[in-house]
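One point on numbering: in full-length UniProt numbering, the residue at position 71 of the sequence shown is 71, and numbering is uninterrupted.
The C-beta atom is built at its ideal place from N, Cα and C for all residues, glycine as well.
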Amino acid sequence: MDATPPGPRRPHRAPDAGPEHLSGAETDQVLAAMAEAGGALLAGCQERRRRADALDERREALIGATSDLALGALYDPATVRLGLDQRLAHRAAREHEAATCEYVAWWADATVTAWRAARSGERPRRVRLIGAAPECLLVDEELASLPAVGAAARHPVGLSARLGTAGPGGRGPDGVPVAAARLAARHGPAARPGAVTEVKVVDGGWPEDRRRRLWGDAWLTHRVPLLPDAGEVARLTEGLPETARERLLTVAHDVAEALAAACRVDELEETSGPWDPEQIAEHEALDRLADELTARLAAYALGVTACLPAVRAAHGA
Numbered sequence: 001m002d003a004t005p006p007g008p009r010r011p012h013r014a015p016d017a018g019p020e021h022l023s024g025a026e027t028d029q030v031l032a033a034m035a036e037a038g039g040a041l042l043a044g045c046q047e048r049r050r051r052a053d054a055l056d057e058r059r060e061a062l063i064g065a066t067s068d069l070a071l072g073a074l075y076d077p078a079t080v081r082l083g084l085d086q087r088l089a090h091r092a093a094r095e096h097e098a099a100t101c102e103y104v105a106w107w108a109d110a111t112v113t114a115w116r117a118a119r120s121g122e123r124p125r126r127v128r129l130i131g132a133a134p135e136c137l138l139v140d141e142e143l144a145s146l147p148a149v150g151a152a153a154r155h156p157v158g159l160s161a162r163l164g165t166a167g168p169g170g171r172g173p174d175g176v177p178v179a180a181a182r183l184a185a186r187h188g189p190a191a192r193p194g195a196v197t198e199v200k201v202v203d204g205g206w207p208e209d210r211r212r213r214l215w216g217d218a219w220l221t222h223r224v225p226l227l228p229d230a231g232e233v234a235r236l237t238e239g240l241p242e243t244a245r246e247r248l249l250t251v252a253h254d255v256a257e258a259l260a261a262a263c264r265v266d267e268l269e270e271t272s273g274p275w276d277p278e279q280i281a282e283h284e285a286l287d288r289l290a291d292e293l294t295a296r297l298a299a300y301a302l303g304v305t306a307c308l309p310a311v312r313a314a315h316g317a
């Protein structure tokens, strides 16, 4: 994957950018707004998918009703338009689903950030809540205050840059070795041209850079944020009322179940040779479950948001 080209210079933070840390009420207000927008995006996904499915049924019915003696009907302008509508509807559904996935991942990440802060008796940092927002650039100070890309990701980018044209692809139009730019695009840092033959490795500021920087392989592999594992969930739910604790454990389990299904689907699809009937049945069942991952992640975000007051009450946040 090619690196995202450098964007415009980010402005300095405006004086009215908002507080550095958010109170409980301010956090709840932000998350409530995120929930409203997320619900609209999810509903839009369902509507676009229904439209694409309905067009599939119409076209299949038309083809099924066309006899060998009436094949010319398939080239009727209205029929051709139906085929084009079908293609456009599927493209729109896929793009809407991809955009919703980005949004829901940001939303879930923000709720986890608020959850961890509340568990520690602290106020969440505003910049961390907005860190993975799609379609947004952060100002220089905001970007600098996000967790930096680790040395494990920076080192191979810097090494590839120092190799220069020795790597595959030579140099790009901006003078950055193509291999270094591709490594940077995968892991979150950005390779930028420096003085003479030098290449600087900096923290990328584009939304995809920030997602990879914050979530790493969780995002690259399955398009999900880096969520608390089972051990951290157990710690985060300590001392909560049983109702809140059970809800948090349930939504965490549901996401983990869909994620495990997605991992198993990947394993099956890497299997060489023809599948036996059991593998086919397993793939179909798990694929349906994996398709629920974004919806389950949204339910996770809603569950965490609903339980934040109980977390604050239990830990004095």
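So for residue i, helix, strand or coil by DSSP?
{"i": "ASP203", "result": "strand"}
{"i": "ARG50", "result": "helix"}
{"i": "ALA306", "result": "helix"}
{"i": "HIS155", "result": "No answer about HIS155 holds up, because its pLDDT of 44 lies below 50 and its placement is not dependable."}
Near residue i, what residues of its chain come up, given a Cβ to Cβ distance below 6 Å and the 5 sequence neighbours on each side ignored?
{"i": "VAL251", "result": "ALA299, TYR300, GLY303"}
{"i": "ALA244", "result": "CYS307, ALA310"}
{"i": "VAL127", "result": "GLU142, SER145"}
{"i": "HIS90", "result": "ALA52"}
{"i": "ALA108", "result": "PRO225, LEU297, TYR300, ALA301"}
{"i": "MET34", "result": "TRP107"}
{"i": "LEU289", "result": "ALA258, ALA261"}
{"i": "PRO241", "result": "ALA310"}
{"i": "GLY120", "result": "Looking at the sequence shown, residue 120 is not Gly but Ser. There are no such residues."}
Between residue i and residue j, is the Cβ-Cβ spacing less than 9 Å?
{"i": "THR100", "j": "GLY44", "result": "yes"}
{"i": "ARG123", "j": "SER23", "result": "yes"}
{"i": "ARG58", "j": "ALA92", "result": "no"}
{"i": "ARG312", "j": "LEU236", "result": "no"}
{"i": "LEU138", "j": "VAL30", "result": "no"}
{"i": "VAL233", "j": "LEU293", "result": "no"}
{"i": "TRP215", "j": "ALA98", "result": "no"}
{"i": "ALA37", "j": "THR305", "result": "no"}
{"i": "GLU102", "j": "PRO134", "result": "yes"}
{"i": "ALA295", "j": "LEU42", "result": "yes"}
{"i": "HIS21", "j": "ARG125", "result": "yes"}
{"i": "ALA285", "j": "ALA256", "result": "no"}
{"i": "LEU220", "j": "VAL112", "result": "no"}
Looking only at its own chain, which residues have a Cβ that is under 8 Å from the Cβ of residue i, when we skip the five neighbours before and after it?
{"i": "GLU282", "result": "ARG264, LEU268"}
{"i": "HIS222", "result": "LEU259, ALA262, CYS263, LEU293"}
{"i": "LEU82", "result": "LEU55, ARG58, ARG59, LEU62"}
{"i": "LEU249", "result": "VAL233, THR237"}
{"i": "ASP254", "result": "ARG296, ALA299, TYR300"}
Leaving aside the five residues before and after residue i along the sequence, list all residues of the same chain whose C-beta is less than 7 Å from its C-beta, in chain order.
{"i": "ASP287", "result": "VAL265"}
{"i": "ALA118", "result": "LEU308, VAL311, ARG312, HIS315, ALA317"}
{"i": "ALA148", "result": "ASP203"}
{"i": "ALA110", "result": "LEU31, MET34, LEU129"}
{"i": "GLU278", "result": "none"}
{"i": "ASP85", "result": "LEU55"}
### Message
If contact is defined by three or more beta carbon pairs under 8 Å, each pair taking one atom from either stretch, is the stretch 136-144 in contact with the stretch 204-213?
### Response
yes
### Whole alpha helix (DSSP H) elements within the stretch 75-152, 4-residue minimum
77-119, 126-130, 140-145
### Message
Report the start-end ranges of each alpha helix (DSSP H) in the stretch 236-303 that is 4 residues or longer and not cut off at the edges.
### Response
242-269, 277-290
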